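Engineer:
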Amino acid sequence: ADSLSVESLLELLDEESLRKDTALPSPEWSSDHIALLAEFRCKPRIRR
1 ADSLSVESLL ELLDEESLRK DTALPSPEWS SDHIALLAEF RCKPRIRR
């Protein structure tokens, strides 16, 4: 929406790691859950 802007994103697993171990959990990544995290900022409203 026009009232939100993305401030930051949590880095995802890199493609090389995902290709090396084709399933999760793996020896390198102990969970089958992948966190999708983002930080947003509410933009000020423009009053007309």
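The sequence shown maps to residues 1 to 48 in the UniProt record's numbering. We put the beta carbon where it would ideally sit given N, CA and C, even for glycine. All values derive from a computational prediction rather than experimental measurement.
Rounded to whole angstroms, what's the CA-CA distance from L12 to P25? Just pull it up for me.
Structural biologist: The straight-line gap from Cα to Cα measures roughly 15 Å.
Engineer: A38 bridges to which residues according to DSSP?
Structural biologist: Answer by DSSP bridge pairing, in chain order: L9.
Engineer: Leaving out five residues on either side along the sequence, give the residues of the same chain with a beta carbon under 6 Å from the beta carbon of L9.
Structural biologist: A38.
Engineer: Tell me the DSSP secondary structure of L18 in three-state form.
Structural biologist: The answer is helix: DSSP assigns L18 an H, G or I state.
Engineer: Mind reading off the beta-carbon distance from L18 to K43? Whole number of angstroms is fine, and I expect it under 8 Å.
Structural biologist: About 34 Å; that fails the 8 Å criterion.
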